Amino acid sequence: MRRPRVLLTAPIHDEGIKKLGNVAEVVIAPKPLRKEDEVINAIRDFDAVVSMGAEPFTRRVLESSERLLVVARHGVGYDNIDVDAATRLGIWVTTTPVEELFDAVADHAIALLLCLARRVCEADNFVRSGKWFESPFENRFLVGFGLKGKTLGIVGLGRIGSRIAERARGFGLKVVYYDIERKTEYENRLGIEYAQLDELLKISDFIVLAVPLTDRTRGLIGEREFSLMKPNAILVNISRGAVVDHKALVKALKNGRIAGAALDVFYAEPLPPDDEITKLGNTILTPHIAWLTEECRKAMAIAVAENVISVLRGEEPPNAINPDVKNFARNKRSRTT
Ligand code: 8YV
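Each residue of the sequence shown is one higher than the one before, counting from 3 in this note's numbering.
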């Protein structure tokens with residue numbers, strides 16, 4: 003009997019590899035799969051794929067595989083997958099909505115905010131380059147600003163946004179949020195207020211983007227939205243790069259329309275090394291690591307393995323995005339042929 007084959011688009015935590023190895027042959031892609039054709043060639047002959055990054059699982063890619071039963075995201079965003087096409091083809095799409103991920107990303111959003119507000123990276127560079135203040139009057143360029151009493155606007159009050167709101171309370175920030183749904187339970191529990199997006203952009207000192215990338219949120223923050231922000235505003239993006247119009251962001255930073263931006267996600271990943279944003283001082287750029295804690299790596303690897311194993315056993319996976327897939331043909335086929 004053929005042993006099922008699972009492709010990992012990048013290595014995951016050993017705990018997950020061990021679990022998968024108990025039921026399947028596990029292969030790690032030797033290089034990042036960024037283009038459709040690279041994915042098509044790589045997934046041929048695999049029953050399951052663990053998607054670590056933004057590999058394009060387009061209709062064409064999904065249609066190319068006769069064997070694939072599941073695209074299991076190692077993460078909660080699934081904007082790289084054509085879910086509708088997957089469903090029609092009978093391919094499960096799963097995610098890893100573990101607490102550790104939401105906590106890690108919320109922590110990173112606050113870390114980025116604090117680093118920018120308190121100029122931590124600039125100060126670190128200063129000391130490392132052998133400098134110090136000659137006199138206490140020379141420290142002006144490292145003057146930051148406090149958080150207490152300022153307004154934090156959270157765009158998207160989901161599982162990550164709500165955790166950012168919880169943390170913000172500890173810094174004495176006033177929190178407003180915008181979401182397509184009003185979340186009165188959070189409003190009552192966390193003492194936060196709802197605002198329409200334009201209003202939030204006008205009144206916030208700090209703006210954190212925590213929305214998934216969908217047709218509604220692509221390009222949500224563009225030139226018009228930057229024109230509404232305060233000149234002292236700091237934008238933090240831990241969602242997806244495409245939520246922001248990158249050209250408009252660079253322009254807003256260069257013109258002093260806003261004070262700074264801290265980004266963990268980009269319109270293109272990897273970010274082209276010569277991108278103009280890398281030359282701007284009022285920014286902090288991290289390489290999509292908001293999730294990257296030991297706790298989160300382990301929890302996500304276990305969760306993704308559980309999803310894959312359920313599918314290989316012919317069972318419904320715990321975190322399916324497209325449960326309707328049960329009604330489509332491929333699912334009914336034997337897992338071992
Ligand atoms: C992923 C992410 O976990 O959850 C998501 O969708 O963007 C990340 O935090 C990352 O792609 C690692 O697999």
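Glycine included, each C-beta is placed from N, C-alpha and C at the ideal position. All figures in this text were calculated on a predicted structure; none of them were measured in a lab.
What are the residues that DSSP puts in a beta bridge with THR285?
ALA263
Member of GLY55, MET54, GLY174, LEU91 whose CA lies at the smallest distance from the CA of VAL2
Since the first residue of the chain shown is 3 and the last is 339, residue 2 is not available in this structure.
Practice item. Kindly examine the ligand NAP and report whether one of its heavy atoms sits closer than 8 Å to the Cβ of THR98. Key: This structure does not include the ligand NAP; its bound ligands are the ligand 8YV.
- Message: Which of the three DSSP states is assigned to SER164 in this structure?
- Response: helix
* Give me every residue whose Cβ sits closer than 5 Å to any heavy atom of the ligand 8YV, in chain order. => MET54, HIS76, GLY77, VAL78, GLY79, TRP293
Do you know how far the Cα of ARG242 is from the Cα of ILE286? 16 Å
Where SER336 falls, given that 16 or more other Cβ within 10 Å makes a residue buried:
Residue confidence for SER336 is low, a pLDDT of 43 falling below 50, so the modelled location carries little weight; the figure read from the coordinates is stated next. Burial call: exposed.
Check your understanding: Would you say the segment 41-50 touches the segment 101-120, given that touching needs at least three Cβ pairs under 8 Å?
Key -> no
For ALA331, count neighbouring C-beta atoms within 10 Å of its own C-beta (all shown protein chains included) and say buried if the count is 16 or more, exposed if not. exposed
Legend entry - Paired residues, beta bridge with GLU1 - DSSP: A query on residue 1 cannot be resolved here, the shown segment of the chain reaching from 3 to 339 and no further.
Problem set entry | Nonlocal neighbours in the same chain, by C-beta distance under 6 Å from ALA264, ignoring five residues either side | LEU114, LEU118, VAL238, ILE286
- Where THR89 falls: helix, strand or coil (DSSP): helix
Using 8 Å as the threshold, is the segment 48-56 in touch with the segment 14-32, meaning 3 or more CB pairs across them?
yes
May I ask you to report which of helix, strand or coil DSSP gives ILE14?
coil
For this session: Report all residues from its chain with a CB closer than 7 Å to the CB of ALA341; omit the five preceding and five following residues, and keep chain order.
Result: Only positions 3 to 339 of the chain appear in this structure, which leaves residue 341 out of reach.
CB of ILE240 within 9 Å of CB of ALA292, strictly: yes
Could you tell me the alpha carbon to alpha carbon distance between ALA212 and ARG121, rounded to whole angstroms? 23 Å
Contact belief for VAL78 with LEU116 at Cβ below 8 Å, rounded distance in angstroms: With a Cβ gap of about 24 Å, VAL78 and LEU116 do not count as contacting.
What first and last residue would you give for the alpha helix (DSSP H) that runs through SER312? 296-314
Since ALA88 contacts MET54 with CB under 8 Å, what's their CB separation in whole angstroms? Going by Cβ atoms, the distance from ALA88 to MET54 rounds to 17 Å, so no, they are not a contact pair.
request  = Starting from GLU27, follow the beta strand (DSSP E) in both directions and report where the run begins and ends.
outcome  = 27-30
Item to complete: For LEU144, I'd like the list of residues in its chain whose CB is within less than 8 Å of its CB, leaving aside the five on either flank, ordered along the chain.
Response: ARG121, GLU124, ALA125, PHE128
- prompt: Could you give the distance in angstroms between the alpha-carbon of MET365 and the alpha-carbon of PHE59?
  reply: Nothing can be reported for residue 365, as the shown portion of the chain is limited to 3 through 339.
Check your understanding: Which stretch, first to last residue, makes up the alpha helix (DSSP H) that contains ILE236?
Key -> Note, ILE236: premise wrong, no alpha helix (DSSP H); beta strand (DSSP E) at 236-239.
- Return yes when the Cβ of LEU10 is within less than 9 Å of the Cβ of VAL29, no when it is not. yes
Problem - Local conformation of ALA108 per DSSP, three classes - result: helix
**Prompt:** Counting Cβ pairs closer than 8 Å, one from the segment 144-163 and one from the segment 197-212, do we hit at least three?
**Reply:** yes
Among VAL100, GLY258, GLU57, LYS133, whose alpha-carbon lies nearest the alpha-carbon of LEU282? GLY258
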